[in-house]
Amino acid sequence: MEGLLVKALLVAIFTWITFFDKYCTQFFTYRPIFVGPIVGLLMGNLQIGLEVGCIIELMFLGQVFVGTALPPEETFSTILAAAFACISGSTEVALATALPLAILGQMGMYFRNMVLCVWTQNRLEAAVEKGNRRGIWMNCLILPNVFNLVLFAIPVFLGIYFGADMVQGIINMIPQVIINGLTVGGKIIGAVGLAILIKSINVKNIWQYFIIGFFFSSYLNINPIGITLIAVVCVAMAFYNDARPQGNE
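Residues 367 to 615, numbered by the numbering used here, are exactly what the sequence shown covers, in order.
Following this line, the structure appears as structure tokens:
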């Protein structure tokens, strides 16, 4: 349990840093494809972390914010789902827990944005009117990240440290047919997310890349990580080809 304590603490600290980036620095380190491998590394199973990150990234690839409506929280979901998958040694656990955890995180985000941040916003406006720099820092940066610690980092620690055995027991009691159904459902969600993304961009001149990806995935059985590396190569080739001056041999 001591090893699990250290892992849970490290993942909780990483969670806090990740949410700081999500709401302050915006380096996009909060995306599932980045979060999954880091959690896997901290939990001692980088491969499962990579697989979980790719799977959940597909599930939430096309999500968008519409007004004040928040989509399911993909960062919180990925962190806990990857941790549980590493503990159980199965990526199917990630598919079974990703969406429920995302909805739970969504509830935390609503509480943060609609209640706590409204309170700090009023305090921030008062501090600006008075020219109180300390009040500005406190209500613009410090308190919102304290909220992230309480709402996300601490639950991650408790979920990993105290909930690992319980979650594993629950997973063991779930019939295999249900696990298979959740796996299929997760793949459908990924297809929907990809369809939303394709609809939002102009694919008229890049359809050939979709065919390449489909061929490598369906006929050569290359996993999502390999497909991603192939995509990076294709993007680099297209970029340098477009950047080449006209008439340059």
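Ideal Cβ positions, reconstructed from N, Cα and C, are used throughout, including at glycine.
Q: Could you check how far apart the C-beta atoms of Val-418 and Gly-410 are, in whole angstroms? I think they sit under 8 Å.
A: Not a contact, Cβ separation roughly 14 Å.
Q.
Within the continuous alpha helix (DSSP H) that includes Pro-510, where are the two ends?
A. 509 to 514
**Q.** Stretch pair the segment 391 to 406 + the segment 445 to 461: three plus CB contacts closer than 8 Å
**A.** yes
Q: Tell me the start and end of each unbroken alpha helix (DSSP H) in the segment 431 to 493 that is at least 4 residues and wholly inside, in chain order.
A: Fully enclosed alpha helix (DSSP H) runs of 4 or longer: 440 to 454 and 458 to 477.
Q: Inspect the CB distances between the segment 457 to 464 and the segment 489 to 504 and report whether three or more fall short of 8 Å.
A: no
Q: Reducing DSSP to helix, strand and coil, say where Tyr-396 ends up.
A: In the structure shown, Tyr-396 sits in coil (DSSP, three-state: anything other than H, G, I, E or B).
Q) Under a three-way DSSP split, which group does Lys-570 fall into? A) coil
Q: Would you check if there are 3 or more beta carbon pairs closer than 8 Å linking the segment 505 to 517 to the segment 479 to 486?
A: yes
Q | Simplified DSSP assignment, three categories, for Arg-610 | A | For Arg-610, the secondary structure class from DSSP, reduced to helix, strand or coil, is coil.
Q. DSSP on Ile-526, reduced to helix/strand/coil?
A. helix
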